[in-house]
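Visitor: In my numbering, the protein residues as written are 93 to 236. Note that CB positions come from ideal geometry on N, CA and C, so glycine has one too.
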Ligand code: SF4
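1. I want to check one thing, is the minimum distance from the CB of residue 99 to the heavy atoms of the ligand SF4 below 6 Å?
2. Under 7 Å between the Cβ atoms of residue 218 and residue 212?
3. Considering only the alpha carbon of each residue, which of 178, 190, 95, 169 lies closest to residue 196?
4. Starting from residue 121 and walking both ways along the alpha helix (DSSP H), at which residues does that stretch end?
5. Counting beta carbon pairs with one atom in the segment 118-131 and one in the segment 95-104, are three or more of them shorter than 8 Å?
6. Hey, is residue 164 close to the ligand SF4, as in C-beta under 6 Å from one of its heavy atoms?
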C-alpha cells in the first residue's frame with residue numbers, strides 16, 4: 093500500500109501512548125489476529141497512522157458496540173479474500189480459510205496456495221479493514 097498513512101513510524105510504547113492503552117493490550121490485539129504491526133529486521137514492532145486508526149476502530153467496536161474480540165474476529169473471517177485476490181478454484185478448494193469461519197485469512201498458515209509467503213500486512217484484503225467503514229466499502233466495491 094503506497095500511502096503515507098501506512099508508513100510505520102511509532103514504536104509500540106509510542107503507539108500505546110497515542111491510543112491511551114497499554115502495550116500489553118496492543119500485543120494482545122496482535123496475538124488475537126486483529127492487527128499486524130510492521131516488523132523491523134531486528135523484529136521490533138512499528139505502527140503507522142493507519143494502524144492507529146485500525147486500533148481505534150477495534151476499541152470503538154469493543155467499548156461502544158459491545159462486541160468482543162471473538163466477535164470482531166468472526167466478522168473479519170467473513171471477508172471474501174478470494175474475490176479480492178482472485179485466487180484459483182483449486183487454491184480455494186484446499187484453503188482452510190475458504191471452508192472455515194472463525195479466523196481471518198491472515199491467521200491461517202497457508203501451505204502451497206496463492207497466499208503462501210505473501211505479506212499480509214500489505215495485502216489489499218488486510219487493508220480493506222483499515223477503518224470502521226472500510227470493510228463495508230470493500231464489500232460494496234466487490235458487489236458492483
Ligand atoms: S496474502 Fe494474507 S491477507 Fe492477503 S488474502 Fe492471503 S492470507 Fe489473506
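Guide: By the coordinates alone:
1. Here residue 99 refers to the residue found at position 7 of the chain shown. Residue 99: no, Cβ never under 6 Å from the ligand SF4.
2. For the purposes of this step, residue 218 is taken as the residue at position 126 of the chain shown. For the purposes of this step, residue 212 is taken as the residue at position 120 of the chain shown. Going by C-beta atoms, residue 218 is nearer than 7 Å to residue 212.
3. Looking up residue 196 in the chain shown gives position 104. Residue 169 is the option with its Cα nearest to residue 196.
4. Residue numbering aside, residue 121 sits at position 29 when the chain shown is read from its first letter. Residues 115-123.
5. The segment 95-104 makes contact with the segment 118-131; the number of CB pairs closer than 8 Å reaches 3 or more.
6. For the purposes of this step, residue 164 is taken as residue 72 along the chain shown, with counting starting at 1. Not under cutoff, so the answer is no.
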